[in-house]
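Protein chains: 2
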Amino acid sequence: MISQRAEKAERPAVVLLSGGLDSATTAAIARRNGFAVYALSIDYGQRHHFELEAARQVARSMEACGHVILDVDLAQLGGSALTDAFDVPKDRADAEMSQGIPVTYVPARNTVFLSLALAYAETIAAADIFVGVNAVDYSGYPDCRPEFIAAFEQLANLATKASVEGQRKCTIHAPLIDMTKAEIIRLGTELGVDYGMTHTCYDPNDEGISCGRCDACQLRRKGFAEAGLRDPLVYQSK
Amino acid sequence: MISQRAEKAERPAVVLLSGGLDSATTAAIARRNGFAVYALSIDYGQRHHFELEAARQVARSMEACGHVILDVDLAQLGGSALTDAFDVPKDRADAEMSQGIPVTYVPARNTVFLSLALAYAETIAAADIFVGVNAVDYSGYPDCRPEFIAAFEQLANLATKASVEGQRKCTIHAPLIDMTKAEIIRLGTELGVDYGMTHTCYDPNDEGISCGRCDACQLRRKGFAEAGLRDPLVYQSK
Numbered sequence: 202m203i204s205q206r207a208e209k210a211e212r213p214a215v216v217l218l219s220g221g222l223d224s225a226t227t228a229a230i231a232r233r234n235g236f237a238v239y240a241l242s243i244d245y246g247q248r249h250h251f252e253l254e255a256a257r258q259v260a261r262s263m264e265a266c267g268h269v270i271l272d273v274d275l276a277q278l279g280g281s282a283l284t285d286a287f288d289v290p291k292d293r294a295d296a297e298m299s300q301g302i303p304v305t306y307v308p309a310r311n312t313v314f315l316s317l318a319l320a321y322a323e324t325i326a327a328a329d330i331f332v333g334v335n336a337v338d339y340s341g342y343p344d345c346r347p348e349f350i351a352a353f354e355q356l357a358n359l360a361t362k363a364s365v366e367g368q369r370k371c372t373i374h375a376p377l378i379d380m381t382k383a384e385i386i387r388l389g390t391e392l393g394v395d396y397g398m399t400h401t402c403y404d405p406n407d408e409g410i411s412c413g414r415c416d417a418c419q420l421r422r423k424g425f426a427e428a429g430l431r432d433p434l435v436y437q438s439k
Numbered sequence: 202m203i204s205q206r207a208e209k210a211e212r213p214a215v216v217l218l219s220g221g222l223d224s225a226t227t228a229a230i231a232r233r234n235g236f237a238v239y240a241l242s243i244d245y246g247q248r249h250h251f252e253l254e255a256a257r258q259v260a261r262s263m264e265a266c267g268h269v270i271l272d273v274d275l276a277q278l279g280g281s282a283l284t285d286a287f288d289v290p291k292d293r294a295d296a297e298m299s300q301g302i303p304v305t306y307v308p309a310r311n312t313v314f315l316s317l318a319l320a321y322a323e324t325i326a327a328a329d330i331f332v333g334v335n336a337v338d339y340s341g342y343p344d345c346r347p348e349f350i351a352a353f354e355q356l357a358n359l360a361t362k363a364s365v366e367g368q369r370k371c372t373i374h375a376p377l378i379d380m381t382k383a384e385i386i387r388l389g390t391e392l393g394v395d396y397g398m399t400h401t402c403y404d405p406n407d408e409g410i411s412c413g414r415c416d417a418c419q420l421r422r423k424g425f426a427e428a429g430l431r432d433p434l435v436y437q438s439k
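Chain order of the listed sequences is A and B.
Residues in the first sequence are numbered from 202 upward in steps of one, following the working numbering.
Residues in the second sequence are numbered from 202 upward in steps of one, following the working numbering.
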C-alpha cells in the first residue's frame with residue numbers, strides 16, 4: 202500500500218536544520234506548506250554537539266525523508282567564539298545585545314550553509330530551500346537580512362544545472378525573517394513543534410543543560426515569556 | 202631585517218587552489234598583481250588525492266602566506282562522477298565534450314567553494330578572492346559563467362561583517378574566464394608557473410599518472426599543443 206504521503210506526491214525541499222528553535226519551526230512550516238523535508242545539518246566545528254543531537258530528534262519528529270549531517274570544519278578558518286576557544290558573552294543587557302556584530306558571529310556562515318543546501322537540493326532535484334534566518338532578533342548579522350536572501354536566490358538561479366536547463370526556478374524560503382521570537386514560538390506551537398527537543402544555548406554544560414545567560418538563551422526565554430508559553434527546557438540559571 | 206615582501210605591505214587575497222593548471226595560473230596572476238596569496242583547497246571527497254598534493258606543492262612554490270585544506274565531504278550529497286563510483290568518460294570527441302553538462306559536474310561546487318573562500322577572506326580581512334573558472338573550455342558548467350561570478354560578488358557584498366561595516370568592497374577575480382586553455386598556459390609559463398607540479402586528470406592510476414583520455418586531460422593536452430609548448434606531465438596513453 203502506498204503511504205498517504207507518497208500519494209500526495211509532495212515536492213521535495215531542503216531545510217537547513219541546526220537543531221535550534223528557529224530551524225525546527227521552519228521545518229514545521231515547510232511540512233505545513235506541503236513539502237517533503239530533506240534536512241541538512243552542518244557539523245562546522247561547534248564547541249559542543251548538543252545542537253546536532255537536537256537536529257536528529259527534530260528531523261525524526263518531522264518525518265524527514267532524508268537527513269544529511271555534513272562535516273565542514275569552519276573552525277579551521279577561525280574567527281568566531283562559536284568555534285574557537287574564546288568566551289561566549291553572558292548576561293548582556295538588551296541594548297548591548299542589539300549593538301554591532303557579536304563575537305558569536307561565524308564568518309560567512311549562512312552563505313556557506315545555503316550553498317551546501319543548494320548542492321543538496323541539486324542532487325535530489327529540489328527547487329526549494331528553507332532557512333530559519335531572522336532579521337528581527339539578529340539585526341547585527343549581515344547574512345540574516347532580506348537583501349542577503351534575495352541575492353542568494355538570484356545566485357542560486359545562475360548556479361545550477363537546473364538553472365541552465367531551464368527547469369523550475371529555485372526559491373529560498375525564509376519564513377521567519379520578519380517575525381519576533383514570540384511570534385515564531387506561537388506559530389511553532391500551533392504547528393505542533395516540540396521545543397523540548399530543540400537546543401539553543403551557545404555554552405551548555407557537559408550534560409547539555411543550557412546556561413540561560415548567553416544571548417541565545419536570553420532571546421529564547423524572553424520569546425517564551427512574551428508568547429505567554431512555557432519553555433520546556435531546563436536552565437542552569439533562573 | 203624586514204623581508205622585501207613585508208615592506209611592500211601586500212594586500213591579502215584568498216586564492217582557490219585545486220592543484221590544477223587553471224588555479225595555479227590564477228595564483229601566479231594574484232602574485233603578479235601584488236597580492237599576498239592565502240590559498241584555500243577543498244578536500245571534497247574526490248576519488249583521488251593527487252590534486253591536493255599538487256595544491257600543496259603549488260602553494261609552496263608561490264610562497265603562499267597561508268594554505269588551508271578544508272574537508273567538505275560533498276560525496277555525502279552524491280550526484281557526481283568526481284565523487285561517486287560511476288565511470289569518468291574517456292576519449293570523447295570535441296563535439297561531444299562541448300555538449301551539455303558532463304557527469305563530472307559536481308553540484309553547486311563553485312558556489313560552495315566561493316562561499317568557503319569568502320569565510321576565509323573574512324577571517325583574514327581580505328577583500329579579494331581569486332578563482333580560476335573558465336567559461337571557454339567549460340561552457341557546459343553553469344557556475345563558470347561571468348554572470349554567476351557577478352552574482353556571487355553581489356552576494357559577497359551583502360554577506361559579511363565588512364559589507365555591513367562599510368569596509369572595502371569585496372571583489373571576485375576570475376582572470377581566466379575568457380581565456381582559451383592555450384592562452385592560459387602561455388600566460389602561466391611567462392609568469393613562471395611550473396606546470397609539472399599541477400594535476401589535471403580526473404582518473405589517474407594508483408601512482409598518480411594521468412590517463413590522458415578524460416575530458417580534462419584532453420583539454421590540457423590540446424592547450425599545450427595549441428600554445429606550442431611542451432607539457433611536462435607524463436601520460437598513460439600517447
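C-beta atoms are modelled at their ideal positions from N, C-alpha and C, and glycine is treated no differently.
Please list, in chain order, the chain A residues whose beta carbon lies closer than 7 Å to that of residue i.
i	result
B/Gly279	Thr324
B/Leu392	Those do not exist, as B/Leu392 stays about 28 Å from chain A at its closest Cβ, beyond 7 Å.
Check for me: the alpha helix (DSSP H) holding residue i runs from which residue to which?
i	result
A/Tyr321	310-324
B/Ile386	382-391
A/Val365	362-365
In terms of residues, what are the limits of the beta strand (DSSP E) holding residue i?
i	result
A/Ser242	236-244
A/Val259	First-last for A/Val259: 251-262, but that is the alpha helix (DSSP H), not the beta strand (DSSP E).
B/Ile373	372-374
B/Asp223	Taken as a continuous stretch (DSSP letters only), B/Asp223 belongs to no beta strand (DSSP E), being part of the alpha helix (DSSP H) at 222-233.
B/Ile410	Unbroken run through B/Ile410: none, as it is neither H nor E.
B/Asp329	329-331
May I ask you to report which of helix, strand or coil DSSP gives residue i?
i	result
A/Asp416	helix
A/Ser204	Residue confidence is low: A/Ser204 scores 43 on pLDDT, short of 50, so the model does not pin down where it sits. Its coordinate-derived value is still stated next. Three-state DSSP puts A/Ser204 in coil, outside helix and strand.
A/Ala214	strand
A/Tyr403	coil
A/Val269	strand
A/Asp344	helix
A/Asp379	coil
A/Lys291	strand
B/Ile350	helix
State the CB to CB distance for the pair residue i and residue j, rounded to an integer number of angstroms; the pair is presumed to be in contact (CB under 8 Å).
i	j	result
A/Phe331	A/Leu217	7 Å
B/Pro308	A/Glu323	4 Å
B/Val269	B/Ala228	Contact flag wrong, Cβ pair sits at about 14 Å.
A/Ser438	B/Pro343	About 50 Å; that fails the 8 Å criterion.
B/Asp329	B/Thr372	5 Å
B/Ile385	B/Asp223	6 Å
B/Tyr518	B/Ala383	Residue 518 of chain B lies beyond the range of chain B shown here (202 to 439); nothing can be said about it.
A/Ala352	A/Leu241	Incorrect: roughly 20 Å between the Cβ atoms, too far for contact.
B/Asp292	B/Arg422	So it is not a contact: roughly 12 Å between Cβ atoms.
B/Phe236	B/Glu211	6 Å
B/Ala255	B/Gly220	3 Å
A/Asp274	B/Asp272	6 Å
Starting from residue i, find everything on chain B with Cβ-Cβ shorter than 7 Å and list it in chain order.
i	result
A/Val334	The contacting residues do not exist; A/Val334 stays about 12 Å from chain B at best.
A/Ala309	Ser316, Leu319, Ala320, Glu323, Ala360, Thr361
A/Val313	Ser316, Leu317, Ala320
A/Leu271	Asp274, Gln277
Within the present structure, is the beta-carbon of residue i separated from the nearest heavy atom of the ligand ADP by less than 6 Å?
i	result
B/Ser242	No copy of the ligand ADP appears in this structure; indeed no ligand is present at all.
What does residue i touch in chain B if you count any residue whose Cβ is under 8 Å from its own?
i	result
A/Leu275	Ala320
A/Glu348	Leu359
A/Pro343	Leu359, Ala360, Thr361, Lys362, Ser364, Val365
What residues of chain A sit near residue i, judged by a beta carbon separation below 8 Å?
i	result
B/Arg353	According to the sequence displayed, residue 353 of chain B carries Phe and not Arg. The answer, in chain order, is Leu356.
So which residues of chain B does residue i contact, with C-beta pairs closer than 9 Å?
i	result
A/Thr372	The contacting residues do not exist; A/Thr372 stays about 15 Å from chain B at best.
Kindly indicate if chain C contains any beta-carbon less than 7 Å away from that of residue i.
i	result
A/Asp292	The structure shown contains no chain C; its protein chains are A and B.
Quick check: the stretch 389-406 of chain A against the stretch 355-367 of chain A, are there 3 or more CB pairs under 8 Å?
Contact between the stretch 389-406 of chain A and the stretch 355-367 of chain A is absent, because fewer than three Cβ pairs lie under 8 Å.
Okay, do the stretch 388-399 of chain A and the stretch 265-279 of chain A touch, 3+ Cβ pairs below 8 Å being the bar?
In this structure the stretch 388-399 of chain A does not lie against the stretch 265-279 of chain A, because fewer than three pairs of beta carbons, one per stretch, are closer than 8 Å.
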